[in-house]
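Residue numbers (my numbering): 4 to 379.
Working notes, structure below.
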C-alpha cells in the first residue's frame, strides 16, 4: 500500500512535467475550466432558467454532450478485442490510451448529467427512487458508474504493473476486460433506449437509432485516438506503430460509411412515407412554419461528414498523413453536430401538441459545457 501511494503521488508530480507548450496548454484549459465553474455557480444560484432549455425543449447542450461522450467512451474499449483475443500487439498501446480516454469521457458524462439537474443537491432523491428495473434512467446510472470502475481498475493495474517493471497477471485484468467489452455494448444500448423508449416523440421512436449511434461511436472514439497518437508522435519520443494508424483508419472509414448509409435510409423512410416522424426531420433539414434555426447546423454536419469520408477513401502512401488527421477532425465535429443539433433537439420540435418552439443555447450554458470539456 505504501508503494502504491508513492506511485499515485509520482503520477500527480509527473502531470506537471513538460515544456512551455505543455504548460501553456494546461494553463489555457485551466482558465476555461474556471470560467465554466463560474458560469455553473451562476446557474446554481439562479436556476436552470439561465440555459436555453424550456418546458418544450427540456434536453439541450448538456444532454447532447453527454450522449456524444458516452458513445466515444464505449467505442474506445472495443480495441481490447483484437489485442487480447486475436493477439494484435501493434494495438497494445492504443488500448491503454483508449481506456484512459474512456475514464476521462465517463467523468465528463457524469459532469454533464450533474449540471443538467436543476437541483443537484437533491440528487439523493433520484438514488432513493431509481425504480429499478423498470426505469431506463436507473439502468443508465448503474451502467455508467460500473463502466467507470471497470476502466479505472484495468488501466490503473496495467500502468502500475509497468511502473513496478513487472508483467501484469492476466488473472487480474483479462476477466475484467471481457466484462468491460460486454458492458460497453450495454452502455450504448441503454443510452439509445433512453430515447427510443419515448413513444410520445416519434422522431426518436425508431429502431434504426441504435445502430446509427453505435456507428457514430466507432467514428468518434478511433478518431480521437488517431489525433492523440499523432500528437504523441509529433511532440514526444514515443513513435506509434504505423499499423495502429492503418487499423484505426479502417475502423473510422467503415463506421462513417455505415452511418451515412443509415442516414440515407432514415431520410428515405421519413420523407417517402410522410408520417408524423417526418415533421421533425423536415424541420431539421428544411425548417417548419418559418422556423429554421437547425438547418445550417445539420447541413454543415452533412458536408463535414461527407468531406471526411471522401478524405478517408483517398489512397495514401503513408499511414501518417495530414489528410487523415484532417478527416478525423472533420468527422469529430460533424458527428458532434449530428448528435446535438441532429438527434437530441429535433426530438422536441414540434411538441406533441404541434407547437414549434426553437432552442438556442445561452452564453452561460456554452461556458459551462466548455468548462467541463476543458476539465476533462
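Glycine included, every Cβ here is placed at the ideal spot set by N, Cα and C.
Model, not experiment: these values are computed from the prediction.
If distances are taken between C-alpha atoms only, which option among the options comes closest to residue i?
i: residue 48; options: 122, 99, 70; result: 122
i: residue 149; options: 101, 217, 76; result: 76
i: residue 18; options: 8, 29, 9; result: 29
i: residue 291; options: 40, 58, 361; result: 361
i: residue 104; options: 141, 125, 158, 145; result: 158
i: residue 64; options: 236, 357, 345, 242; result: 345
i: residue 206; options: 249, 231, 274; result: 274
i: residue 163; options: 7, 351, 356, 343; result: 7
i: residue 378; options: 298, 34, 11; result: 34
i: residue 151; options: 196, 68, 180, 60; result: 180
i: residue 247; options: 200, 101, 52; result: 101
i: residue 194; options: 14, 303, 50, 145; result: 145
Given that a residue counts as buried once 16 or more other Cβ atoms are within 10 Å of its Cβ, and exposed if not, what is residue i?
i: residue 252; result: buried
i: residue 54; result: buried
i: residue 240; result: exposed
i: residue 287; result: buried
i: residue 25; result: exposed
i: residue 119; result: buried
i: residue 225; result: buried
i: residue 306; result: exposed
i: residue 112; result: buried
i: residue 256; result: buried
i: residue 22; result: exposed
i: residue 4; result: exposed
i: residue 353; result: buried
i: residue 289; result: exposed
Taking DSSP's pairing of strands, which residues face residue i in a bridge?
i: residue 291; result: 294
Assuming residue i and residue j make a contact with CB atoms under 8 Å, what is their CB distance in whole Å?
i: residue 265; j: residue 211; result: 6 Å
i: residue 376; j: residue 71; result: Not quite, the Cβ-Cβ distance comes to about 10 Å (not below 8 Å), so this is no contact.
i: residue 39; j: residue 370; result: 5 Å
i: residue 235; j: residue 244; result: The pair is not a contact, with the Cβ atoms about 12 Å apart (cut-off 8 Å).
i: residue 262; j: residue 213; result: Actually they are not in contact, since the Cβ atoms of residue 262 and residue 213 sit about 13 Å apart, beyond 8 Å.
i: residue 216; j: residue 191; result: 6 Å
- Item | Inside the stretch 101 to 148 only - beta strand (DSSP E) runs reaching at least 3 residues | As far as the stretch 101 to 148 is concerned, it has no whole beta strand (DSSP E) run of at least 3 residues.
- Uninterrupted beta strand (DSSP E) stretches inside the stretch 6 to 67 (no shorter than 3 residues): For the stretch 6 to 67, not a single whole beta strand (DSSP E) run of length 3 or above is found.
- Task: Only counting runs of 4 or more residues, tell me where the alpha helix (DSSP H) segments fall wholly within the stretch 299 to 366, in order along the chain.
- Result: Correct list: 325 to 342.
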